[in-house]
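Peer 1:
Protein chains in written order, with this note's numbering: chain A, 850 to 1148; chain B, 17 to 289.
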């Protein structure tokens, strides 16, 4: 399939089942809600090394938040339920509880309820109090700037991680500019996050390594500097490859984000250096979710 | 189907135990069976149809018409459906209520919402002492649900209150929130002496400055982000509590009762922040 000169490979992105949750962080100003959310979702690009994948989903107007203050919604994804509970609690405790004027609420109703403020409340050393409002329990923890308000639980739902797009471009500049534009559009899709820095990965990996201690290593087939010395996937004009990884609550959400991403790449076109769109997979043997690029574009 | 309406024919001298008349207890009964239910009246029993004329048939919506202050235990243990009372009612209104809705157009006697578990009680008039309290000797007063009083309340509102919300548009008597364990009591009017006496936890939210007991510590003036959420929850009711001009998030906080564990609080409106 070729659109505007951009070749879309007949391949698929291979994705995995994950557990996810969403939280809403509010504060006196949008900037302080962002500061807390940025910290909470920091160092959370990949479950391989960070324990979870997390990112800010979107900004929320005061009318959209439980306490009527500006806010941010953030999502966390992990491979298992236990790690989600642990990551959420650690990150909420170290990054949101600590952030001035912040409050923390559940951002998802369905699924299994997991602790949010349930254990954080013990920081209050017995001075914490709870308030049940509309059948939801909130904890009020006295802190030095006043009071940290946190909902007792949030929802844990089944989700999907590892949707991805590879953009193959004539230069590093072209690849990065195209990714920046695509990320901007893809982040408008609800229920998805792009967990890598700025939404873009330059170090896509393959499973395994020549070094036994490593479970993943550089994806040499897509490394442009190795074109002549490895079994490369790249044609001679490709000088740079970048990847956008997408985690989402459902297959539909990921497909929607991937389609918008591919449409953006195609609208930039081969004339501007975007030559090809591909995706990372493991031959379909590892992940049960296969997002076929051409099928998505035809939907 | 129209509401099952019980209209009082006359006012007996002795008090009447109305506890058999709830939606769940009447479910599946024929009108003749309802008419034959015996109600304790002093030391004797009266058939329902001796005391009331009966019309309508929907037992999920009961209307007690022409009620007066000697009808006790209305809505006792109510577990769904609605009871509407036109007139005054006696003691123990909505005692042990589990679900559903009760509305009273007039005034109410002692121990309304006593040990109530859940549901919604609305009183257009005044209520007497021990609103939402525990029976003497018991340790748990109201344990859930919402009580809205459009008039004023007597002494010991929420005595031993465990959970839930009591909203009072008027004022209260003495010992409001005494021995409270948790929950919220919001009072727009004046409150009497010894507010929060023996209070363990919970919130007394006041629009008027009370006479604060010496066993409450002054914690200063603060802005709380849970208050807008609380007011939002109150806004669902047709009352002064839904009027946004009455809402605030800046309060003066008094913590106590420090003669006990002292984790309760009296929050007094300061002004809109």
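For glycine and all other residues, C-beta sits at the position ideal for the given N, C-alpha and C.
#1: Counting contacts by CB-CB distance shorter than 8 angstroms, is residue 916(A) in contact with chain B?
#2: Which full runs of the beta strand (DSSP E) of 3+ residues lie inside the segment 137 to 202 of chain B, going along the chain?
#3: Apart from the five residues on each side of it in sequence, which residues of its chain come closer than 6 angstroms, Cβ to Cβ, to residue 268(B)?
#4: Quick one: which residues of the segment 973 to 988 of chain A get their C-beta closer than 8 angstroms to a C-beta of chain B? List them in chain order.
#5: Less than 8 angstroms between the beta carbons of residue 78(B) and residue 37(B), yes or no?
#6: So which residues on chain A does residue 240(B) lean against when the C-beta distance must stay under 7 angstroms?
#7: In the DSSP output, which residue or residues are listed as bridge partners for residue 874(A)?
#8: Leaving out five residues on either side along the sequence, give the residues of the same chain with a beta carbon under 6 angstroms from the beta carbon of residue 140(B).
#9: Check whether the Cβ atoms of residue 190(B) and residue 171(B) lie closer than 8 angstroms to each other.
#10: Using a beta-carbon distance below 8 angstroms, is residue 285(B) in contact with chain A?
#11: In the DSSP output, what is residue 863(A) paired with across the bridge?
#12: In its own chain, which residues sit with a C-beta less than 7 angstroms from the C-beta of residue 47(B), not counting the 5 before and 5 after it?
#13: Which one or two residues does DSSP pair with residue 1014(A) in a beta bridge?
#14: Tell me which same chain residues have a C-beta within less than 8 angstroms of the C-beta of residue 274(B), skipping the five on either side of it?
#15: Mark residue 288(B) as exposed unless 16 or more other C-beta atoms lie within 10 angstroms of its C-beta, in which case mark it buried.
#16: Need the endpoints of the alpha helix (DSSP H) that residue 242(B) sits in, please.
#17: Going by DSSP in three states, residue 1022(A) sits in which element: helix, strand or coil?
#18: From the DSSP secondary-structure annotation, give me the bridge partner or partners of residue 283(B).
#19: Does any residue of chain E bring its CB to less than 8 angstroms from the CB of residue 217(B)?
#20: Here's the rule I'm using: 16 or more other beta-carbon atoms within 10 Å means buried, otherwise exposed. How should residue 1018(A) be labelled?
#21: Measuring only the C-alpha atoms, how far is residue 57(B) from residue 98(B)?
#22: Secondary structure at residue 1008(A), three-state DSSP: helix, strand or coil?
#23: Touching or not, the segment 996 to 1005 of chain A and the segment 965 to 972 of chain A, by the rule of three or more beta carbon pairs under 8 angstroms?
#24: Under a Cβ-count criterion, where at least 16 other Cβ atoms within 10 Å of its own Cβ denotes burial, should residue 226(B) be classed as buried or exposed?
#25: From residue 862(A) to residue 181(B), what does the alpha carbon distance come to, in whole angstroms?
#26: Given a cut-off of 8 angstroms, decide if residue 871(A) and residue 957(A) are closer than it, judged by their beta-carbon atoms.
#27: Taking residue 179(B) as the query, report the chain A residues whose CB atoms sit under 7 angstroms from its CB, ordered along the chain.
#28: Take the Cβ of residue 911(A) as the centre, count every other Cβ of all protein chains shown within 10 Å, and call the residue buried at 16 or more, exposed below.
#29: Give me the Cα-Cα distance between residue 258(B) and residue 249(B), rounded to the nearest whole angstrom.
#30: Could you work out which residue in 932(A), 883(A), 1080(A) and 1045(A) is closest to residue 1014(A) when comparing CA atoms only?
#31: So which residues of chain A does residue 244(B) contact, with C-beta pairs closer than 8 angstroms?
#32: Using a Cβ-Cβ cut-off of less than 7 angstroms, give me the residues of the segment 941 to 961 of chain A that come near chain B, in sequence order.
#33: Would a check of beta-carbon distances place residue 249(B) closer than 8 angstroms to chain A?
#34: State the DSSP-derived secondary structure class of residue 128(B), mapped to helix, strand or coil.
#35: Go through its chain and collect everything with a Cβ distance to residue 199(B)'s Cβ below 6 angstroms, but skip five positions before and after it.
Peer 2: Reading from the atomic positions:
#1: Translated into positions along the first chain, residue 916(A) becomes position 67. At a cut-off of 8 angstroms between C-beta atoms, residue 916(A) counts as an interface residue with respect to chain B.
#2: 159 to 165 and 179 to 184
#3: To locate residue 268(B), count along the second chain from 1; it is residue 252. So the qualifying residues of the chain are 237, 284 and 286.
#4: 975, 976, 978, 979, 980, 981, 982, 983 and 987
#5: Within the second chain, numbered from 1, the residue matching residue 78(B) stands at position 62. Within the second chain, numbered from 1, the residue matching residue 37(B) stands at position 21. With contacts defined as CB atoms closer than 8 angstroms, residue 78(B) and residue 37(B) qualify as a contacting pair.
#6: In the second chain, residue 240(B) corresponds to position 224, counting from 1. The answer, in chain order, is 996.
#7: Residue mapping note: residue 874(A) aligns to position 25 of the first chain, counting from 1. Residue 874(A) pairs with 921(A) and 953(A).
#8: Along the second chain, one-based indexing puts residue 140(B) at 124. Excluding positions up to five away in sequence, the list reads 121 and 166.
#9: Counting from one through the second chain, the residue named residue 190(B) turns up at place 174. Counting from one through the second chain, the residue named residue 171(B) turns up at place 155. For residue 190(B) and residue 171(B), yes; Cβs fall inside 8 angstroms.
#10: What you label residue 285(B) is simply residue 269 of the second chain in a count that begins at 1. Output row for residue 285(B): interface = no.
#11: On the first chain, position 14 is the one that residue 863(A) refers to. In DSSP, residue 863(A) forms a bridge with 1139(A).
#12: Here residue 47(B) refers to the residue found at position 31 when the second chain is read from its first residue. The answer, listed in chain order, is 70 and 73.
#13: The residue given as residue 1014(A) occupies position 165 in the first chain. DSSP lists 1093(A) as partners of residue 1014(A).
#14: Numbered from 1 along the second chain, position 258 holds the residue referred to as residue 274(B). Contacts found: 231, 232 and 233.
#15: As a first step, residue 288(B) must be located in the second chain, where it is residue number 272. The pLDDT assigned to residue 288(B) is 43, lower than 50, so where the model puts this residue is not dependable; a value taken from the coordinates is nonetheless given after this. Exposed, because fewer than 16 other Cβ atoms sit within 10 Å of the Cβ of residue 288(B).
#16: In the second chain, counting from the first residue as 1, residue 242(B) sits at position 226. Residues 242 to 250.
#17: Taking the first chain and counting its residues from 1, the one referred to as residue 1022(A) is at position 173. Three-state result, residue 1022(A): helix.
#18: Along the second chain, one-based indexing puts residue 283(B) at 267. According to DSSP, residue 283(B) bridges with 221(B) and 269(B).
#19: Any reference to chain E falls outside this structure, whose protein chains are A and B.
#20: Translated into the one-based positions of the first chain, residue 1018(A) becomes position 169. Buried: at least 16 other Cβ atoms inside 10 Å.
#21: Against the second chain, residue 57(B) aligns to sequence position 41. Against the second chain, residue 98(B) aligns to sequence position 82. Rounded to the nearest angstrom, the two C-alpha atoms are 24 angstroms apart.
#22: The sequence position of residue 1008(A) within the first chain is 159, counting from 1. It is a strand residue.
#23: yes
#24: Along the second chain, one-based indexing puts residue 226(B) at 210. Looking at its Cβ environment, which holds 16 or more other Cβ atoms inside 10 Å, residue 226(B) is buried.
#25: Position 13 of the first chain, counting from 1, holds the residue named residue 862(A). Position 165 of the second chain, counting from 1, holds the residue named residue 181(B). Residue 862(A) and residue 181(B): Cα-Cα distance of roughly 52 angstroms.
#26: Working through the first chain from its first residue, we reach residue 957(A) at position 108. Working through the first chain from its first residue, we reach residue 871(A) at position 22. Yes, the pair counts as a contact, with Cβ atoms nearer than the cut-off.
#27: As a first step, residue 179(B) is located in the second chain; it is residue number 163 there, counting from the start. Going along chain A in sequence order, the residues near residue 179(B) (Cβ under 7 angstroms) are 981.
#28: Counting from one through the first chain, the residue named residue 911(A) turns up at place 62. It counts as exposed.
#29: What you label residue 258(B) is simply residue 242 of the second chain in a count that begins at 1. What you label residue 249(B) is simply residue 233 of the second chain in a count that begins at 1. Roughly 9 angstroms between the two C-alpha positions.
#30: Start at 1 with the first residue of the first chain, and residue 1014(A) comes out as number 165. The option with the nearest alpha carbon to residue 1014(A) is 1045(A).
#31: Start at 1 with the first residue of the second chain, and residue 244(B) comes out as number 228. Correct list: 916 and 917.
#32: 952
#33: Here the question's residue 249(B) lines up with position 233 in the second chain. Closer than 8 angstroms: yes.
#34: Translated into the one-based positions of the second chain, residue 128(B) becomes position 112. If DSSP states are grouped into helix, strand and coil, residue 128(B) belongs with coil.
#35: Your numbering for residue 199(B) matches position 183 in the second chain. Correct list, in chain order: 177, 179, 180 and 218.
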